[in-house]
Amino acid sequence: MIRFNAQNASAFVSPDEVMQIRPQLEAAHDLLRKGRGPGCEYLGWLDLPSQYDREELTRIIQAAARIRRNSDILLVIGIGGSYLGARAAIDMLSHSFSSLLGKRQRKAPLILFAGNNLSPDYLADLTDVLENKKVSLNVISKSGTTTEPAIAFRVFKRWMEERYGLEEAQKRIYITTDKSRGVLRKLAGEMGYESFVVPDDIGGRFSVLTAVGLLPIAVAGIPVREMLRGARDGAKAWQKPDPEANDCYAYAVWRNILLRKGYGIEIMVNYEPTMNFFTEWWKQLFGESEGKDGRGIFPAGVDNTTDLHSLGQYIQDGRRMLFETVLLVDKARHAFKVPFDPENRDGLNFLADFDLADINQKAAQGTVLAHVDGQVPNLRITLPERSAYWFGQLVYFFELACAISGYLLAVNPFNQPGVEDYKQNMYALLGKPGFEKRRTELEKRLSRERDV
Ligand code: PA5
C-alpha cells in the first residue's frame, strides 16, 4: 500500500492535537460516506474503481488499440481536470524522453496536448509538428463550452477534415463529454464521432479514472485496468475514520492541523523529473477543491533535486509558513552506477559504485532533516514504484484525502465558483453577446490603468 509518515512533522504537532481533531474527522467521514456533505451530488469518483462502466471501458480499450495502430500522434484537447490527469499519468509512467523516440521504440503514438492555453505560437508550432504525421484527436470537455479547448477543437477539427476528408476525419475524432448535454454531445451525434462519457456525478479534477484520463492513457500503452485495480485496493483499505489505521485520512488530518497552526502553503516535493505533472494534477485537485470562502492551503510544488538549486534557499530559510509533503518512490526502474575513475580529479571516487537511486535517496533524507531544522514540517508519502497500479492508487489516495480535507476545512470540495470570474471578464472584453454592461465597466477600469 501507499504509506504515509508524519514523523518529521511531530516536533510541530503534539499527539493531543491529532486526538482532538478526531471528532471532526469522524464528522467529515460521515458527511462523505453518507453522501450528506456539500457537493454530495459529485461523489461518483468514490466507488468508481469498482463500479465503472464495463462496456465503456471495453470500448475505450478497443478505441485505444485502433489509435495505436493507425496513428503516430494522438492530439488530446482539454484543460484543467479534462487534461492534467492524463498528462500526469503519461509523463510519470513513460520514457523520460518519449517525445524524442520514434513510434517503434516508444511502442505507442506520441500524445500531444492542446486547448490548455491560448497561445497562438503554441498552436502554430503544434501544426508544424503534425505535418506528415498520422493523427487522431480526442477532445475532452465535460461542459463543451470551455473557451480554450473549444477554440483548439475548432482549429484541429478543420485541420483533420482538410487533411483526411470528412469521412476519414470522422473515424479519427473521439469525443469525451457529458452523457446527454452540451455542444460536443450534439456534435458527436450529428457527425457520428465515437464518444465517451464524463459521468454527471464526477467533477473534472476527480475524473482521471474515467474516459477523460483512460483513453489517452491507454493509447500511451499504459495498462488502465491495473490502474483501476490499484485505486480499488486503495478504496478498500482507506475506510476507517481513524488516522492510526488509515494513511489517507492521516494525511488529511495532518495537513489540516498544520494549516490551523499557520502553515498555509504545502509544497509537494518529488525526486523524479517524470512526476512534475503529477504535482500539477495534485495542485489543481487541492487548489480548486479547497481554495474558497477565504480558506484553504495554497498548493505549490518543487522537483528535486533540481529545485534545491532554485527554491531550496527559500524553503530552508525564508518566511516560515511552509510545510512539505515529500512523495518518494521506493524503487527506481533502472540501476545506474557512478563510475570509478582511477585519476579521481573530481574527487568523486567516494561515490564510485554507488547507485544513483541511493544518492537520490540520501539527498532526499538530508534535505528533509535540513528543512525540519529550518522549521519546515515534513510529511512523507511513499509508493513502491512508478507503475500503473501505484499511479491508480496514488490518484485515489489524493482524491479521498482531498474530499476529507475539504470537509475538515468546512468548504464544498466539489465546486469551483472562483473559476468563473476570469471567464466572465474575458467574455466581456471579447464582446460576447450578453456581457455588454460588464464590458463597459471593465473598459473603464482598463483605461484608468493605462492613464497611470
Ligand atoms: O476540475 C474542474 O472541474 C475543472 O478544472 C474543469 O475540468 C475544467 O475547467 C475544464 O472543464 P470542461 O471539461 O467542462 O471543459
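Residue numbers are given in the working numbering: position 60 of the sequence shown equals residue 60, and the series is strictly consecutive.
Cβ atoms here follow ideal geometry from the backbone N, Cα and C, with glycine treated the same way.
Computed from a predicted model, the values in this text were never measured in an experiment.
Please tell me whether Gln-316 and His-371 are closer than 8 Å, where the distance is taken between their beta carbons.
Yes, these two residues count as a Cβ contact at 8 Å.
Contact the region 324-332 vs the region 259-277: 3+ CB pairs below 8 Å:
Under the 8 Å Cβ criterion, the region 324-332 counts as touching the region 259-277, having at least three qualifying pairs.
With 16 other CB atoms within 10 Å as the buried threshold, where does Glu-190 fall?
With fewer than 16 Cβ atoms within 10 Å of its Cβ, Glu-190 is classed as exposed.
Keeping to the same chain, check which residues put their C-beta closer than 7 Å to that of Asn-308; ignore five residues upstream and five downstream.
Per the sequence shown, the amino acid found at residue 308 is Leu instead of Asn. Cβ within range, chain order: Thr-367.
Buried or exposed for Gly-301, going by 16 or more other Cβ atoms inside 10 Å?
Buried, because 16 or more other Cβ atoms sit within 10 Å of the Cβ of Gly-301.
With burial defined as no fewer than 16 other Cβ atoms inside 10 Å of the residue's Cβ, what is the status of Tyr-422: buried or exposed?
Exposed, by the Cβ-count rule.
My parser needs the beta strand (DSSP E) runs of 3 or more residues fully inside the region 217-250; what are they?
Counting only runs of 3 or more residues that sit fully inside the region 217-250, no beta strand (DSSP E) segment turns up.
Run the proximity test for Ile-77: is its beta-carbon closer than 7 Å to any non-hydrogen atom belonging to the ligand PA5?
Taking the Cβ of Ile-77 as the reference point, every heavy atom of the ligand PA5 lies at 7 Å or farther away.
From Ala-188 to Ile-173, what does the alpha carbon distance come to, in whole angstroms?
Taking the straight line from one Cα to the other gives about 9 Å.
If we count Cβ pairs, one from each stretch, closer than 8 Å, do we get three or more for the region 412-419 versus the region 252-262?
Fewer than three beta-carbon pairs drawn from the region 412-419 and the region 252-262 are found closer than 8 Å, and the two stretches are therefore not classed as touching.
CA-to-CA distance, Gly-374 to Glu-55, given in whole angstroms:
Counting only the Cα atoms, Gly-374 lies some 53 Å from Glu-55.
For the region 68-140, which segments carrying the alpha helix (DSSP H) assignment without a break, of at least 4 residues, lie completely within its bounds, in sequence order?
If one requires a minimum length of 4 residues, the alpha helix (DSSP H) runs lying completely within the region 68-140 are 84-93, 103-106 and 120-130, in chain order.
What does a CB cutoff of less than 8 Å around Leu-118 pick up in its chain, not counting 5 residues either side in sequence?
Around Leu-118: Thr-147, Glu-148 and Ile-151.
Would you say Ala-237 lies against chain B (beta-carbon separation less than 8 Å)?
Structure shown: chain B not included; a single protein chain is present.
Residue environment, Leu-75, which counts as buried when at least 16 other CB atoms sit within 10 Å:
Buried, since its Cβ has 16 or more Cβ neighbours within 10 Å.
Under 8 Å between C-beta atoms of Leu-379 and Ala-28
Leu-379 is not a Cβ neighbour of Ala-28, given a cutoff of 8 Å.
Alpha carbon to alpha carbon, how far is Gly-287 from Phe-277?
Near 15 Å, if we compare the C-alpha coordinates of Phe-277 and Gly-287.
CA-CA distance, Leu-32 and Thr-305?
It is roughly 37 Å from the alpha-carbon of Leu-32 to the alpha-carbon of Thr-305.
Would a C-beta distance cut-off of 8 Å place Asn-256 and Ile-67 closer than the cut-off?
Contact flag unset, no.
What number of angstroms, rounded off, separates the C-alpha of Gly-453 from the C-alpha of Phe-350?
Absent from the model: residue 453. The displayed extent of the chain is 1 to 452, so no value can be given.
Residue span of the alpha helix (DSSP H) that contains Met-426, given as start and end
Start and end: 419-429.
Top-ranked residue by Cα proximity to Leu-394, from Ala-114, Trp-282 and Tyr-407
For the set Ala-114, Trp-282 and Tyr-407, the Cα lying nearest the Cα of Leu-394 is the one of Trp-282.
Is any heavy atom in the ligand PA5 found nearer than 7 Å to the beta carbon of Thr-146?
Yes, the beta carbon of Thr-146 sits closer than 7 Å to at least one heavy atom of the ligand PA5.
Endpoints, beta strand (DSSP E) assigned at Ala-331
It is worth fixing the name first, because residue 331 is Lys in this sequence and not Ala. For Lys-331, the enclosing beta strand (DSSP E) stretches over residues 322-331.
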